[in-house]
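Colleague: Pasting in a structure now, in structure tokens, and then I'll have a few things to ask.
Chains as they are written, first to last, in the numbering used here: chain W, 10 to 165; chain Z, 53 to 326.
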């Protein structure tokens with residue numbers, strides 16, 4: 010089990026990457042911030058058993074926390090709201106090719122696509138973190154990629 | 053187009069352009085450093101705006117008359133997950149800002165959520181000490197130097213919940229003892245609930261760890277009982293004193309709304325020695 014100091018260090022190092030990944034999935038800066046803080050607190054309370062791929066752990070726990078809904082965060086800092094609005098983030102994502110493609114996916118598909126292509130997790134790691142079978146990950150990603158390809162075809 | 057082979061690079065390039073909040077909003081709190089002055093100023097200004105807007109601030113330290121020499125930065129503390137808008141608030145929910153608890157006499161600060169308050173243990177109660185009846189060393193009387201109990205329960209709910217020596221489940225009990233030359237490790241083993249030779253309240257497991265809280269080494273123990281309750285204690289040495297932060301959770305005792313183990317851990321980890 011990793012120490013709490015190590016956990017705090019991982020959080021500091023990985024926050025930007027995981028936060029951006031959450032923005033791409035949740036499309037809401039405050040939800041992303043709350044979810045990531047909740048994930049950090051969860052890790053502080055019960056650190057992950059293994060000291061590998063902690064960014065993936067943070068990401069998945071935060072995604073789950075984000076699904077509980079905005080406003081239900083256990084660790085929300087009321088004075089520490091994100092400096093950009095949800096509309097601004099959505100506008101940024103819509104200007105990006107990746108953002109437009111992700112917008113056509115379900116939140117679960119988005120989470121797995123971002124985990125693979127942005128955080129660099131392989132199917133086995135995604136399956137372990139999400140608590141599903143590798144086959145489920147493969148099927149979900151295949152459907153997501155097919156939908157993204159269709160979106161690219163339609164756009165062109 | 054989004055070629056398969058370069059998709060990772062496209063994700064990297066585009067998503068790395070998304071903005072990230074200022075670091076002071078998400079970096080875990082550390083012992084103050086020179087750079088902290090800027091952080092404190094920024095957060096302090098934001099806090100003042102919040103206070104001015106909400107008009108809600110309380111000092112639960114019991115030391116409201118103490119001169120305020122410095123602004124303290126509230127640490128990451130839980131707020132209630134739900135909220136009922138107060139009358140006259142135009143349907144808006146107002147979340148109380150965290151309270152800075154200062155204990156200059158014994159040199160520590162603590163931050164508690166806005167909904168929490170300090171409460172007084174009934175006269176005659178003493179902190180939980182397994183070997184209370186032991187002969188040496190005495191752990192009552194002059195060796196207990198200070199004690200404060202914090203709760204999220206309103207007064208009418210809190211009355212009747214205390215036992216002879218323990219604060220109710222889901223409260224925070226902060227004690228300062230004359231450490232009598234013993235280290236935090238020795239306190240946790242000799243006097244705390246992890247003393248297997250003396251614990252008699254049905255303990256089924258004790259986990260002891262050492263961790264660093266805001267730069268200070270603390271010994272933490274958690275004792276599980278058959279009933280499912282857990283008592284967690286943090287021992288911090290401070291000169292000739294021993295600072296103990298303790299709480300217990302009990303599945304058979306309903307926590308106040310919004311209070312979880314994360315809340316309690318958040319309070320404990322806001323401790324700062326000054």
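Quick reminder that beta carbons are idealized off the backbone N, C-alpha and C, glycines included. This one's a predicted model, so the numbers in the text were calculated from it and none came from an experiment.
Mind pulling the chain Z residues with CB within less than 7 Å of residue 107 of chain W?
Modeller: Chain Z residues near residue 107 of chain W: 62, 63, 66 and 67.
Colleague: Starting from residue 294 of chain Z, follow the beta strand (DSSP E) in both directions and report where the run begins and ends.
Modeller: Start and end: 293 to 301.
Colleague: Go through the region 98 to 154 of chain W residue by residue and report every complete run of the beta strand (DSSP E) that reaches 3 residues or more, in order.
Modeller: Within the region 98 to 154 of chain W, no complete beta strand (DSSP E) run reaches 3 residues.
Colleague: Can you grab the Cα-Cα spacing for the pair residue 149 of chain W / residue 287 of chain Z, in whole Å?
Modeller: When rounded, the distance between both Cα atoms is 48 Å.
Colleague: Give every residue of the same chain whose Cβ lies closer than 7 Å to the Cβ of residue 74 of chain W, excluding the five residues on either side of it in the sequence, and list them in chain order.
Modeller: Here the set comprises 44, 47 and 48.
Colleague: Got a sec, what are the start and stop residues for the beta strand (DSSP E) residue 229 of chain Z sits in?
Modeller: Counting along the chain, the beta strand (DSSP E) containing residue 229 of chain Z begins and ends at 224 to 230.
Colleague: Does DSSP put residue 161 of chain Z in a helix, a strand or coil?
Modeller: In the structure shown, residue 161 of chain Z sits in a strand (DSSP, three-state: E or B).
Colleague: Chain Z partners of residue 40 of chain W, CB-CB under 7 Å?
Modeller: Simply none; closest approach about 13 Å.
Colleague: Is any beta-carbon of chain W found at less than 9 Å from that of residue 73 of chain Z?
Modeller: It does: the Cβ of residue 73 of chain Z has a partner Cβ on chain W nearer than 9 Å.
Colleague: Measuring only between beta-carbons, confirm whether residue 24 of chain W sits less than 9 Å from chain Z.
Modeller: So, interface residue.
Colleague: Any beta carbon of chain A sitting closer than 9 Å to that of residue 60 of chain Z?
Modeller: The structure shown has no chain A; the protein chains it does contain are W and Z.
Colleague: Short of 9 Å Cβ to Cβ, which residues in the region 294 to 322 of chain Z face chain W?
Modeller: Under the 9 Å Cβ criterion, the region 294 to 322 of chain Z contributes 310, 312, 313, 314, 315, 317, 318 and 321.
Colleague: Going by alpha carbons, who is nearest to residue 61 of chain W out of W/137, W/32, W/157 and W/152?
Modeller: Cα-wise, what sits closest to residue 61 of chain W is W/137.
Colleague: Distance, Cα to Cα, residue 90 of chain Z vs residue 292 of chain Z?
Modeller: A caution first: residue 90 of chain Z carries a pLDDT of 46, below 50, which makes its placement in the model unreliable, though a value can still be read off. Each residue's Cα considered, the two are about 34 Å apart.
Colleague: DSSP state of residue 132 of chain Z, grouped into three classes?
Modeller: For residue 132 of chain Z, the predicted model reports a pLDDT of 41, less than 50, meaning its position is unreliable and no value from the coordinates is stated.
Colleague: Quick check on residue 204 of chain Z: does DSSP put it in helix, strand or coil?
Modeller: Residue 204 of chain Z: coil per DSSP, three-state reduction.
Colleague: Please confirm if the region 193 to 211 of chain Z is in contact with the region 219 to 235 of chain Z, defined as three or more CB-CB distances below 8 Å between the two stretches.
Modeller: Enough Cβ pairs lie closer than 8 Å, so yes.
Colleague: Just checking my contact of residue 198 of chain Z with residue 228 of chain Z at CB under 8 Å: how many whole Å lie between their CB atoms?
Modeller: Correct: roughly 4 Å between the Cβ atoms.
Colleague: Return the Cβ separation of residue 282 of chain Z and residue 301 of chain Z in integer angstroms, given the expectation that the two are a contact with Cβ distance under 8 Å.
Modeller: Yes, residue 282 of chain Z and residue 301 of chain Z are in contact; Cβ-Cβ is about 5 Å, under 8 Å.
Colleague: In the region 111 to 131 of chain W, which residues sit with their C-beta less than 8 Å from some C-beta in chain Z, listed in chain order?
Modeller: Hits within the stretch, in order: 123, 126, 127 and 129.
Colleague: Would you report the Cα separation of residue 103 of chain W and residue 74 of chain Z, rounded to the nearest angstrom?
Modeller: If you take the alpha carbons of residue 103 of chain W and residue 74 of chain Z, they lie about 23 Å apart.
Colleague: Starting from the C-beta of residue 326 of chain Z, find all residues in its chain whose C-beta is less than 7 Å away, skip the five residues before and the five after it, and write them out in chain order.
Modeller: Taken in chain order, the residues that qualify are 159, 160 and 161.
Colleague: With 9 Å as the threshold, decide whether the Cβ of residue 70 of chain Z is near any Cβ in chain W.
Modeller: Yes, contact with chain W.
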